[in-house]
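> Listed in order, the protein sequences are those of chains A and B. Counted the way the numbering used here counts, the first sequence spans residues 11 to 862. Counted the way the numbering used here counts, the second sequence spans residues 29 to 277. Ideal Cβ positions, reconstructed from N, Cα and C, are used throughout, including at glycine. One structure is given below, represented as structure tokens, and several questions about it will come after.
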Amino acid sequence: MNAESIKSCPKCQAPIPPEAPQGLCPKCLLAGAALATEAGQSAAGTPPPSLETVAAAFPQLEILEFVGQGGMGVVFKARQPRLDRFVALKLLPQKPGADPAFNERFNREARMLARLSHPNIVAVHDFGQAGPFFYLLMEFVDGVNLRQAMRAGRFTPAQALALVPKICDALQYAHEEGILHRDIKPENLLLDTRGRLKIADFGIAKLLGGAKDITLTASGATIGTPHYMAPEQLERPQDVDQRADIYSLGVVFYEMLTGELPIGRFAPPSEKAPMDPRVDGVVLRALEKERERRFQSAGDVKTQVEKITASPAPKEPGPTGTTNLGAGGGPPRALPAEAGAPTTVNLGTGGGPPPQFPSQANASPPASPRPSGWSFAAISAAVLVGLSLLPLALGVLGGGHIGPGETAFLFVIVGFPAVGGTLLAGFALRSFRARPGETRGGRLALCSAVAWPLLLLDGVLLSIPWLFFQNVEWQIFHVRNGFLTGFAAVTGVLAILALDIFLLRRLLRWDSGQALPDAVLQAPFNRFSRRALLFSAFALGLLWLVLWAGHERMMRLDEPAEALALAGPSAPAGYEVGQSGPPGGESTQYRSTVTIPPGYALTVTAVLCSNQVVLQPGPPNATAWMIAPEGTPTRGRLTWRLLGIRTFADGAPLQFSLGFDGEPDTADKSFHVVPPEPVAVDWVGRPARVWPPQNGHTKFLLVKGSSSSAGDEARPPTEWAVGIETRLDPIPADLLRTLKNPVNGLGTNWLSTLGDGSTTTAGSTNLPPTIAAEAAPAIPPEKLAEYKTICSVIDELVSQEGELLVQFTPENRVVKNVRERIASKQKLKKQLEEENPGLALLKTGQGQVREK
Amino acid sequence: MSAPPPDPPLDPAFLTTRWTQVLSARGESPEARVALGQLCEAYWMPVFRFIRRANYAEDEARELTQEFFAQLLAHGGFDRVEPGKGRFRSYLLGAVKHFLAGQQDRANAAKRGGGQAPVSLELRVENHTTATLQITDPATPVPDAFFDRQWALNLIDRALTALAAEFVSAGKDRHFETLKPWLVGEVGPLSQSEAAQQLGLTEGAVKVAIHRLRKRFRDLVKQEIAGTVDPPATVQEELHYLLEALAQN
């Protein structure tokens, strides 16, 4: 082999000898091995920046020296020449630009920190980004941290008791500003040369931790030294509040007093060093594992500590077990120097006082038995709410008897307070939590308690005019005096609202005399009661709106609507071919579904190949047959007109499906939906009689008119309507009378005259709502029997079929031959059809005239 | 940078290094013999090269090396080693030189009488060929530095081989091959991101892997050295010495 080209080492550029192991430059290899291991540095993180680098990034500062490095960043001592003061420049480990979310968070958090202005908190003068650094410019504290102080010499209890209130002050201030420290430990508590305490690195933990509240820094050190972290901070770091800081404070306190950390089963401080035994209570309470049992605020801690320092110590059961009697014997050892009454006699206030302190009225209840999550009261309240919704549920289930207005009414009366009460209670809870230990949200709770009764009252009050309106509906709606009703409604609602406000105020004033603290009395219309009032106003407004809108809708039906052409000459949309036919028959059915808007009628023009048209009104099970009379040409144009189908009282539209039996010559089908006769309104009533046509101008219609049972073939409708189309002029008086007095007394009647029913027409003459009735000639006696028979036949059909629509032609030649055809009911349809090309007999059931 | 911290304590298994064993037992105990045997096996190469360099043909050098070691193992002559100051390297060097001197005398004696194998003009050193003919002046003794250098190379080789074996046994031979250029320093034929792509790792993971590789190499080198010096504290000394030996080339 020839010599390979001699490679050079990329590092030292020297040629790599051929015998070099693995082809690597041995000098450099060994040199690399000779270097000491730099722990962690080559893997992550960087050595602290040099002074020059920092100085270059901060030209406005004199960078003096590197002070220290920790998980939170590096700190330099610097000087601001213009202000002639020393500052601490903290550089965070993050690199600007690497994480835009951090940028934003940094700005936000640093701004919050900069707002903290307290003599015991290291002030943040400035923050931002300079060169490759995120920085915080802070007050420079010339002194030591608590850790160093503790190492230098043990703290006496007196000194500890003097320091703790200052820490509490700072913590309370910061907590009120909404900022937690999260990393209280001796290293973060600075003592300057004049003995002042300052807390450093406030909120840095959150700043560096970020949205996920990561508890690791870049180099893997945990933020929040574990020994000082509250249990909940270790377990659920995202769910900490100010009580975590109090725990940390407790740990520091303990360490100051005893020199040890409170780990595992630790002894109370007074057993480890001579001191006032009341201190135990404070320390132990701050160190409670469950935060509900801890001090709820730093202020409480301070209060307790100051109590201890203010009053002389009772007989101390210290480790030596000595008691202190006698005056002038010198102060008991554990009395803090500031007590000021060292020479008083301390005869026992009993044996060692209990470690628990009586809590102030505002503090959270100490060690109360944990309330179980399922209080009887809560359960019964939930049951009551459910019960209150029961009528609504029943109403809905009960078959839709409830119109939209009633539904909304019920819902507002019942459901809204439930929702509103929940919301108000939520607000109250939040304000409880924001100020733990204080009584807040009482007013809100009160308002939420009265919300439902008030709404009920409003409902009752509103119902009075409602009922009034109902009864005078005819006049008012007929004259269309919407303005009057609107005006009455508005004033009524405003009056009720005013009543509500008045009642609430009285109630609050009464209640404030009961149990609320004075502070609450001072602002009778503070924002909580305002909120409650707004809520009731909104609820009422909604209620009124709903009712008014419901009525509006009913009123609107008086107006004629435009004709709606569903389809052109070709097959309408939704037209589909089905293979089912009437039972017993084999046929092709063409189905299409047409939704008839309320108040509209359907006209069907079709070219049929057979003489059967199936019309399915209402719900799908109901089938109605529309049969062309015999002799009707099976080809060509046939018109079937369905008149005056008024929709159900609740406004639900009727659905029709139109099927054609026969061969698929369906070249020409059209559906036209025409508006009803202008004065068509709902009617109900059961036909008692049918009057014979006079000069062939009367049509008799039996139409199902109630929505209570919508054509379910199992249940015949409970109410019927009869409408008469007549060209009679005048209308016979008894006819008119009967028609105008339907059985159940509701609704008006519909009377109109129509054009020739055999042709498609949308035109008709409008009849005034009231018709002057004039006496008409009586029915000739010889015809009476016929007519009665017809009536009874129809009655029978009605009672059996449940729904029947009969349309007679103007000529009504059926009457002529009814006597002959009456014998066979099966042939009735044929008989009826024979005479009239335009005759349609529609019935429910399975497509046959059913016998009794 | 501040002064490097002291070397971490060696693996307890190596606290009694082989050389220490040998010395403490003066080569007498069976463990000492085993240890010595291992050391000789490990450091055969520098001896061979040294002998080779002393103007012997390859085969002859090989034979001589074997003979040397056989003699060494038979009667080590450890009384010559000063306790507490001994390094296996120095010892071996002295022994080899001594041995060669003896050989030379014999050779000289043979020269006057016996046949010698001709020296081939084309020298083959193991698997490498050198284009140049290196004929050393037999009169000039092989410099000690040469031995030291060879020693260093051997040491590195052993460490690298052990390192490679570790990676191979962990199924990471590709890692080793790709990342080994970084053992010398930051500059490699590949950039770290390319290496990351090649190995299917993130760049961070590559950094960590490189760091670990270097650290492991360092540890192996130190282990290796520790096996040849008596008190562990002199590992660093020896390392620096060898570094200089390499630097002199």
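Among residues of its own chain, excluding the 5 on either side of A/A170, which ones have a beta-carbon nearer than 6 angstroms to its beta-carbon?
Here residue 170 of chain A is taken as the residue at index 160 of the first sequence, counted from 1. Answer for A/A170: M266 and L267, listed in chain order.
> Thinking C-beta only, is A/F165 closer than 9 angstroms to A/I189?
In the first sequence, residue 189 of chain A corresponds to position 179, counting from 1. In the first sequence, residue 165 of chain A corresponds to position 155, counting from 1. Contact flag unset, no.
> Scan the stretch 197-210 of chain A for residues whose Cβ lies nearer than 9 angstroms to a Cβ of chain B and list them as they occur along the chain.
Correct list: empty, as no residue qualifies.
> Using CA atoms only, rank isn't needed, just tell me which of A/P322, A/P247 and A/L123 is closest to A/I214.
As a first step, residue 214 of chain A is located in the first sequence; it is residue number 204 there, counting from the start. Considering only alpha carbons, the answer is A/L123.
> A/N491: buried (16+ other C-beta within 10 angstroms of its C-beta) or exposed?
Against the first sequence, residue 491 of chain A aligns to sequence position 481. Here the model assigns A/N491 a pLDDT of 47, short of 50, so the residue's position is not dependable, and the following value carries that caveat. It is exposed - the Cβ of A/N491 has fewer than 16 other Cβ atoms within 10 Å.
> What does B/H268 reach in chain A if we use C-beta pairs closer than 7 angstroms?
Here the question's residue 268 of chain B lines up with position 240 in the second sequence. The contacting residues are A44.
> With 16 other CB atoms within 10 Å as the buried threshold, where does B/F195 fall?
Numbered from its first residue, the second sequence carries residue 195 of chain B at position 167. By the neighbour-count rule (16 or more Cβ atoms within 10 Å), B/F195 is buried.
> Just how far apart, CA to CA, sit B/P171 and B/Q220?
Locating residue 171 of chain B in the second sequence gives position 143, where the first residue counts as 1. Locating residue 220 of chain B in the second sequence gives position 192, where the first residue counts as 1. When rounded, the distance between both Cα atoms is 41 angstroms.
> Nearest to A/A43 by alpha carbon, out of B/I238, B/V212, B/T256 and B/V236?
Walking along the first sequence from the start, residue 43 of chain A turns up at place 33. Ranking the options by Cα distance to A/A43, first place goes to B/V212.
> Under 8 angstroms between beta-carbons, which chain B residues line up against A/K37? List them in chain order, please.
The residue given as residue 37 of chain A occupies position 27 in the first sequence. Correct list: L271, L274 and A275.
> Check the DSSP bridge columns for A/I209 and list the partner residues they point to.
Here residue 209 of chain A refers to the residue found at position 199 when the first sequence is read from its first residue. Answer is A/I131 and A/L199, bridged to A/I209.
> Just to confirm the assignment, what range does the alpha helix (DSSP H) spanning A/G260 have?
As a position in the first sequence, residue 260 of chain A is number 250, starting the count at 1. Where A/G260 is concerned, the enclosing alpha helix (DSSP H) stretches over Q252 to T268.
> Could you check if A/K21 is buried or exposed, using at least 16 other CB atoms within 10 Å of its CB as the buried criterion?
Numbered from 1 along the first sequence, position 11 holds the residue referred to as residue 21 of chain A. With 16 or more other Cβ atoms within 10 Å, it is buried.
> For A/L71, decide whether its Cβ has a neighbour in chain B, counting only Cβ atoms nearer than 9 angstroms.
Start at 1 with the first residue of the first sequence, and residue 71 of chain A comes out as number 61. For A/L71, the answer is no, since every Cβ of chain B falls outside 9 angstroms of its Cβ.
> So, helix, strand or coil for A/I73, using DSSP?
Within the first sequence, numbered from 1, the residue matching residue 73 of chain A stands at position 63. Three-state result, A/I73: strand.
> Which residue wins for smallest C-alpha separation from B/D201, given the options B/E95, B/A237 and B/Y269?
Taking the second sequence and counting its residues from 1, one reaches residue 201 of chain B at position 173. The candidate whose alpha carbon is nearest that of B/D201 is B/A237.
> As a quick exercise: from A/G309, A/W520 and A/T319, pick the residue whose alpha carbon is nearest that of A/P287.
Reading the first sequence from its first residue, position 277 is the one you call residue 287 of chain A. Residue A/T319 holds the alpha-carbon nearest to the alpha-carbon of A/P287 among A/G309, A/W520 and A/T319.
> Starting from A/L147 and walking both ways along the beta strand (DSSP E), at which residues does that stretch end?
Within the first sequence, numbered from 1, the residue matching residue 147 of chain A stands at position 137. Per DSSP, A/L147 belongs to the beta strand (DSSP E) from F143 to E149.
> My assumption, with CB atoms under 8 angstroms, is that B/L183 sits in contact with B/E252. Please give the rounded CB distance.
Taking the second sequence and counting its residues from 1, the one referred to as residue 183 of chain B is at position 155. Taking the second sequence and counting its residues from 1, the one referred to as residue 252 of chain B is at position 224. Indeed they touch by this definition, with Cβ atoms about 5 angstroms apart.
> Please report how far the alpha carbon of A/A296 lies from the alpha carbon of A/G274, in whole angstroms.
Here the question's residue 296 of chain A lines up with position 286 in the first sequence. Here the question's residue 274 of chain A lines up with position 264 in the first sequence. Cα-Cα distance, rounded: 15 angstroms.
> What's the call for A/E119, buried or exposed, on a 16-neighbour Cβ count within 10 Å?
To locate residue 119 of chain A, count along the first sequence from 1; it is residue 109. The residue in question, A/E119, is buried, as its Cβ has 16 or more Cβ neighbours within 10 Å.
> What does A/A459 touch in chain B if you count any residue whose Cβ is under 7 angstroms from its own?
One-based indexing of the first sequence puts residue 459 of chain A at position 449. Per Cβ cutoff of 7 angstroms: no residues; A/A459 is ~59 angstroms from chain B at best.
> Of the residues that make up the stretch 194-210 of chain B, which ones have a beta carbon closer than 8 angstroms to any beta carbon in chain A?
K208 and P209
> Around the Cβ of B/R77, are there at least 16 other Cβ atoms within 10 angstroms (buried) or fewer (exposed)?
Residue mapping note: residue 77 of chain B aligns to position 49 of the second sequence, counting from 1. So B/R77 ends up on the buried side.
> The beta strand (DSSP E) spanning A/L10 covers which residue range?
It is not possible to answer for residue 10 of chain A, since the shown part of chain A is limited to 11 through 862.
> Can you grab the Cα-Cα spacing for the pair A/L102 / A/F144, in whole Å?
The sequence position of residue 102 of chain A within the first sequence is 92, counting from 1. The sequence position of residue 144 of chain A within the first sequence is 134, counting from 1. C-alpha of A/L102 to C-alpha of A/F144: approximately 5 angstroms in a straight line.
> On the DSSP bridge list, what partners appear for A/N155?
Numbered from 1 along the first sequence, position 145 holds the residue referred to as residue 155 of chain A. Looking at the DSSP assignment, A/N155 forms a beta bridge with A/L200.
> Using 9 angstroms as the threshold, is the C-beta distance between B/W72 and B/T256 below it?
On the second sequence, position 44 is the one that residue 72 of chain B refers to. On the second sequence, position 228 is the one that residue 256 of chain B refers to. Against a cut-off of 9 angstroms, the Cβ pair of B/T256 and B/W72 comes out as no contact.
> Could you check what DSSP says for A/P593 in three-state terms: helix, strand or coil?
Along the first sequence, read from residue 1 onward, the residue named residue 593 of chain A stands at position 583. At A/P593 the pLDDT is 30, less than 50, meaning the model places this residue with poor confidence; the figure from the coordinates comes in the next sentence. Residue state, collapsed to three classes: coil.
> Would you say B/I79 lies against chain A (beta-carbon separation less than 9 angstroms)?
Walking along the second sequence from the start, residue 79 of chain B turns up at place 51. No, B/I79 does not count as interfacial toward chain A.
> Could you check if A/K105 is buried or exposed, using at least 16 other CB atoms within 10 Å of its CB as the buried criterion?
Locating residue 105 of chain A in the first sequence gives position 95, counting from the first residue. With fewer than 16 Cβ atoms within 10 Å of its Cβ, A/K105 is classed as exposed.
> On the premise that A/L126 lies in contact with A/A67, defined as a C-beta separation below 8 angstroms, what is that separation, rounded to the nearest angstrom?
Position 57 of the first sequence, counting from 1, holds the residue named residue 67 of chain A. Position 116 of the first sequence, counting from 1, holds the residue named residue 126 of chain A. Going by Cβ atoms, the distance from A/A67 to A/L126 rounds to 25 angstroms, so no, they are not a contact pair.
> Can you tell me where the beta strand (DSSP E) with A/V85 in it begins and where it stops?
Along the first sequence, read from residue 1 onward, the residue named residue 85 of chain A stands at position 75. A/V85 -> beta strand (DSSP E) spans G83 to Q90.
> Taking a contact to mean a Cβ-Cβ separation below 9 angstroms, would you say A/V261 touches A/P272 in this structure?
Stepping through the first sequence from its first residue, residue 261 of chain A is reached at position 251. Stepping through the first sequence from its first residue, residue 272 of chain A is reached at position 262. Contact: yes.
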